[in-house]
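Since the structure comes first, as structure tokens, the remarks are kept for the end.
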Amino acid sequence: MSDSAREQAAQTPEIAAEPGWLKDKWARFLDSDIYYSFKRSPVTIVAFTLVVLLMLGALVGPWIAPQNPHDPAQLNLMDGFTAPFAENQFTGNFYLLGTDDQGRDLFSAILYGLRISLIVGIVSVLFAGVLGVTLGLVAGFFGGWIDTLIMRIADIQLTFPSILIAMLIYGVARGLVPVDMRDEAAIYILIVSIGLSEWVQFARTVRGATLVEREKEYVQAARLIGLGRGPIMLRHVLPNVMGPVLVIATIGLALAIIAEATLSFLGVGAPPTQPSLGTLIRIGQDFLFSGEWWIILFPSMTLLVLALSVNLLGDWLRDVLNPKLR
Amino acid sequence: MNKTLAIALSAGVAVSAWGLASASPAEAETLRWARAGDSLTLDPHAQNEGPTHTLAHQMYEPLLQRDMEGKIIPALATSWAPTEDPTVWRFQLREGVTFHGGEAFTADDVVFSINRAKKPTSAMKELLNSVAEVKKVDDYTVDFVTNGPNPLLPNNLTNLFMMDEGWTTENDAVEPQDIANGGENYAVRNTNGTGAYMLVSRTPDERTVLQANPNYWGKGEFPLEVTEIVYTPIQSAATRVAALLSGEVDFIQDVPVQDLGRVDQQDGLKVVTAPQNRVIFFGLNVGDDDIPSDNVEGANPFADVRVRRAMNMAINRPAIKQVVMRDQSIPAGVIMPPFVNGWTEELDTYPAHDIEAAKALMAEAGYGDGFSVTLNCPNDRYINDEAICQAVVGMMGQIGIDVALDALPKAQHFPLINKWETDFYMLGWGVPTFDSEYIFNFLVHTKTDELGSWNGARYSNPELDSKIVSLASETNLEKRNATIAEIWAQVQEDQVYLPVHHQVLNWGMQDGINFDVQPEDQPHFKFLTMN
Amino acid sequence: MLAFIIRRVGQAVIVLFTVGLVAFAIFRFMGDPVENMLGQEATVADRAALIERLGLNDPIPIQYLRFVGGALQGEFGISYRLGRPVSELIVERLPATLELAMVSALFALAFGVMLGVYTGIRRDGFLANVIMSSSLIGVSLPTFLIGILLIWIFAVEFGWLPSFGRGETVTLFGFWESVLFTVSGLKSLILPAITLGLYQMTLIMRLVRSEMLEVLRTDYIRFARARGLRRQAIYFTHALKNTLVPVITVTGLQLGSIIAFAIITETVFQWPGVGLLFINAISFVDIPVMAAYLLLVGAVFVTINLIVDLLYFAIDPRVRFDSPGKGA
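Residue numbers (the working numbering), protein chains in the order written: chain A, 2 to 327; chain B, 891 to 1421; chain C, 5 to 332.
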């Protein structure tokens, strides 16, 4: 995502004040194949814009939301089930996207829920990525028993479906946390459970790429001039495996967001007083037949747009970074 | 035209053939029935649990049962009364009753069944604690001998099913199903009762098929219009409602409150509603000097009755009823369903929702700035349990009590109450005996090995304890009721629990079905009629 | 090759032991089974007695050894919820899950390959792009939501397909209750199979497409074209064949996830398989059933991995067996 972040920064006028080297890099980026391909794919541009918008919404949510939906004392039960674009029949209050069964403003709840879903998604992918990349690098570069050990653990974990792993880790972690801290801990537990169930993908890819890179001449040369293993891995091997890692991370982000929603359905997701998008959907499905369609529609649409856009970006990245397809 | 006639004729033949075997039903009526959970076992004494009893009631019968209004009516006994000795109850049995296998029902079967239900692996033994012995007087008379007078013995017998001694012994099922040791016996998958329906086939969690018993004693007494029952548990609420809406089932229990409107509006479907024998309330740890889940050092805010009253006032019951329950609840002021002996309208009045008065009480108790605490709540047990808890969290926030909600599946929630690991929790209570003593025994009496097992409030009042114990053997009903009223007055005065509401049952069904809602959520299909 | 198989089986055994041990440690936190097994009238003494009789007071290692001892003889104990031997329950329920998983996998494979080939050939075609983008919708919504939406549309609004259960079954070999031979059974299979297979279909389609794109650029395909071979022949005999190795690997590995995700599909559609059994076991803290289910899923995964590796060998002789841990 670092390219996109830079690009986003560039769209603001401050870029002129940036130091020269950044400008230089920026110019090089504009000239690159990646940017060229980006410019030529309208679907990717739309997906990218949507992801940026949703992330922005999650970021500034607490300032633009009319209500803090995670503070139960702010909710008025009598506002419950207000239809979108209409006034509540008892209180006369107006909510843009309506309210859920607790009188929670759906617009605010979606912004806050998006925040939780994105935090869980991004942090768990980062967690899985750092863990997987490190272990993959170490396994690939050192080989021997370290490699065997790490890859055996990965094999064992692959023996098990990730959703079950997440459920089990969630079960244990909850058992270990004292009762009165469970509410706050729930999000962290989710991150760890999803992250721990996704690291193998990273490790396998990075190990494979490292095995290839290790034999290349530049690495041999770096060794000859006496560079230690650590610097070689970090400075020379790592950048060369970043492409596939980026692709896995993007698709992993979409997967993690969906996994969070699925865990919510199984009753092991974010707590109902701090609903994530997944929790909002789980609550909303109860009202699918009863006529309160907005409670499930708006959160589902948000989740769909987010996951779809991230997936489209991942797709595009894969095509761009795969030299064979160019 | 000819073809139609031929079909009608053959149908007529089928009906008359059926008619030979069973006199009353005019034609075969299949009822497809769904609810959230399945029966856990067919062994009638192995589980003391709603769905298990409900299915058993179609095939087995107790001596006396509750009808669709909750009134006790004769089943296998025709009459019963205490004898001159108040510790002996005499039951006259129905004559000419046979089991599905053809065996005659006699006093021996009653003695055998009650003894079976008292065995260590039986889940029904607690209901028979007061029964010392069951004696056969003659083939159709039995005496129940109790430890001390027990004026309410019949109330405990409504789910105690009668098995055939010969069949059970022959098939080696004398011991009720024992999960700790081998698990299965013949009665877990086979039945031989006296009930209106007989088992045809059963796959747990999938499908159970029952067929009318052609030799049922109750012909002419009950409508018995349904001749075949197909029972399917459907766990997912949305799918259950979908199955009714799409016409795949005829009758469902556990209709989610939000879907009542949709079911009612649809052509050909209707919803029938009645109050349930279950009250929902919150328990507070009132007994300990300090509680771990709050942020108050060295004191227990719940020990102060003013805090409890303030919390009671802060609960906006009409709002919960209107929004969370969609009008499908009866706000409660006492933890006793209206069917129960001891209930009065006065006890069941609840204080007006008054935030200012509640805040004043909090300030008076020294908690004007509030405190924080954790609320434990089940999320798969009662109607909209988690949503009620969420709403209450908000209401407590309005008087300064910062509540963290921990909603858990029932398997994790209830142990917290029993092990005294929660200070603020939700609980629902049904009263199968329809008498206050049952509530006192479990919820009010000090927790001991025998009594007070659900007293998560740690409430202890020795004076009340002795009054509660005295109820068990008091034969003067007037005096007994006076004691019950005294106990309730004290419980209300101490605000031990915070009542929320009485649950309302909703059954969804095809328009053609006439069926009342049974307050214990037990449909007895022999009462069902069709338009 | 024999050495490879032996090594893999040895590995599988270690995996299963680990799974069992982890599972046992975890169940401590899932709740208290005794609470559910006794009615609300149970006394403190009744609870203590049952805990003692179930052996739940013993230290975990002892409980684990007891479980392993039983499992080695094919006995997984008695279900706390249903009071019947767990092995029997699993044998009873497994056919439902296996049929659902197989049909889902076939659905995913058939449609995935078809759409993958099409989108690969028409790389920049409009329809191909629409298929590519819309296929992502299937992986951008959680499974349970897709299931409920399908029920809503096809069962409630149109009334075409059943919303729950398995319909009529036919008994094969004396124990296998099959839905594959009755109309109502097949109809009841459609919605759950689509719900379960949608994700895998998208995965296979994208895989086939990208493999096709690569193969179509290789020299021998260009030569084949230059020789004037018919396009269909090129696409389906030469190009598609070359994409098979990764497709088989992924389908095989995904079969395991299909069985795992069946938990959700089975709950939504009340499909009486082992997934539903597992979900019910969780809410009842039915430890023997949970442990047996986890072992079963572990065993299925290990077996599938092994078969996939062997297939790999059969299809592509270049693969050598001394490189562990290849796959998707």
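Ideal placement from N, C-alpha and C gives every residue a C-beta, glycine not left out.
Bounding residues of the alpha helix (DSSP H) (the contiguous stretch that carries residue i)
{"i": "residue 1376 of chain B", "result": "1367 to 1384"}
{"i": "residue 1155 of chain B", "result": "1150 to 1155"}
{"i": "residue 245 of chain C", "result": "244 to 273"}
{"i": "residue 246 of chain A", "result": "239 to 266"}
{"i": "residue 221 of chain C", "result": "It is not in any alpha helix (DSSP H) - residue 221 of chain C carries neither H nor E in the DSSP assignment."}
{"i": "residue 1003 of chain B", "result": "997 to 1007"}
{"i": "residue 94 of chain C", "result": "90 to 125"}
{"i": "residue 1166 of chain B", "result": "Taken as a continuous stretch (DSSP letters only), residue 1166 of chain B belongs to no alpha helix (DSSP H), being part of the beta strand (DSSP E) at 1159 to 1174."}
{"i": "residue 15 of chain C", "result": "6 to 31"}
Buried/exposed call for residue i, threshold 16 Cβ in 10 Å
{"i": "residue 1365 of chain B", "result": "exposed"}
{"i": "residue 1352 of chain B", "result": "exposed"}
{"i": "residue 162 of chain C", "result": "exposed"}
{"i": "residue 944 of chain B", "result": "buried"}
{"i": "residue 1179 of chain B", "result": "exposed"}
{"i": "residue 70 of chain C", "result": "exposed"}
{"i": "residue 86 of chain A", "result": "exposed"}
{"i": "residue 1010 of chain B", "result": "exposed"}
{"i": "residue 1349 of chain B", "result": "buried"}
{"i": "residue 1401 of chain B", "result": "exposed"}
{"i": "residue 958 of chain B", "result": "buried"}
{"i": "residue 1177 of chain B", "result": "buried"}
{"i": "residue 1037 of chain B", "result": "exposed"}
Backbone CA spacing between residue i and residue j [nearest angstrom]
{"i": "residue 911 of chain B", "j": "residue 1104 of chain B", "result": "At residue 911 of chain B, the pLDDT of 37 sits below 50, so the modelled position is not reliable; the number obtained from the coordinates is stated separately. Going by the C-alpha atoms only, they are around 6 Å apart."}
{"i": "residue 279 of chain A", "j": "residue 118 of chain A", "result": "8 Å"}
{"i": "residue 1095 of chain B", "j": "residue 927 of chain B", "result": "8 Å"}
{"i": "residue 124 of chain C", "j": "residue 226 of chain C", "result": "16 Å"}
{"i": "residue 91 of chain C", "j": "residue 83 of chain C", "result": "9 Å"}
{"i": "residue 1075 of chain B", "j": "residue 931 of chain B", "result": "10 Å"}
{"i": "residue 1260 of chain B", "j": "residue 1238 of chain B", "result": "28 Å"}
{"i": "residue 303 of chain C", "j": "residue 20 of chain C", "result": "7 Å"}
{"i": "residue 325 of chain C", "j": "residue 12 of chain C", "result": "Because residue 325 of chain C sits at a pLDDT of 45, beneath the cut-off of 50, its placement in the model cannot be relied upon, and the point is left open."}
{"i": "residue 223 of chain A", "j": "residue 234 of chain A", "result": "10 Å"}
{"i": "residue 260 of chain A", "j": "residue 146 of chain C", "result": "7 Å"}
{"i": "residue 1279 of chain B", "j": "residue 1022 of chain B", "result": "43 Å"}
{"i": "residue 15 of chain C", "j": "residue 311 of chain C", "result": "14 Å"}
{"i": "residue 31 of chain C", "j": "residue 1133 of chain B", "result": "34 Å"}
Span of the beta strand (DSSP E), counted from its first residue to its last, around residue i
{"i": "residue 969 of chain B", "result": "967 to 972"}
{"i": "residue 1398 of chain B", "result": "1387 to 1400"}
{"i": "residue 143 of chain C", "result": "It is not in any beta strand (DSSP E) - residue 143 of chain C instead sits in the alpha helix (DSSP H) that spans 130 to 143."}
{"i": "residue 948 of chain B", "result": "Premise fails: residue 948 of chain B lies in the alpha helix (DSSP H), 940 to 949, not in any beta strand (DSSP E)."}
{"i": "residue 1210 of chain B", "result": "Premise fails: residue 1210 of chain B is in no beta strand (DSSP E) and is neither H nor E."}
{"i": "residue 287 of chain C", "result": "Not the beta strand (DSSP E): residue 287 of chain C falls in the alpha helix (DSSP H), residues 278 to 288."}
{"i": "residue 333 of chain A", "result": "Given a span of 2 to 327 for chain A in the structure shown, any question on residue 333 of chain A remains unanswerable."}
{"i": "residue 1316 of chain B", "result": "1314 to 1319"}
{"i": "residue 1021 of chain B", "result": "1021 to 1028"}
Expected contact under 8 Å - CB spacing of residue i and residue j to nearest Å
{"i": "residue 987 of chain B", "j": "residue 1171 of chain B", "result": "No, residue 987 of chain B and residue 1171 of chain B are not in contact; Cβ-Cβ is about 42 Å, not under 8 Å."}
{"i": "residue 1000 of chain B", "j": "residue 949 of chain B", "result": "17 Å between Cβ atoms; not a contact."}
{"i": "residue 112 of chain A", "j": "residue 62 of chain A", "result": "3 Å"}
{"i": "residue 1007 of chain B", "j": "residue 935 of chain B", "result": "5 Å"}
{"i": "residue 1392 of chain B", "j": "residue 1227 of chain B", "result": "6 Å"}
{"i": "residue 1255 of chain B", "j": "residue 1194 of chain B", "result": "5 Å"}
Proximal chain B residues relative to residue i, where beta-carbon distance stays under 9 Å
{"i": "residue 152 of chain C", "result": "1126, 1128, 1129 and 1132"}
Where residue i meets chain C, residues with beta-carbon distance less than 9 Å
{"i": "residue 169 of chain A", "result": "26, 27, 30 and 298"}
Residues that residue i contacts on chain C, provided the C-beta gap is smaller than 8 Å
{"i": "residue 301 of chain A", "result": "145 and 149"}
{"i": "residue 1078 of chain B", "result": "87 and 88"}
Chain B residues whose Cβ lies nearer than 7 Å to that of residue i
{"i": "residue 106 of chain A", "result": "Going along chain B, no residue has its Cβ under 7 Å from residue 106 of chain A, so there is no contact; the nearest lies around 13 Å."}
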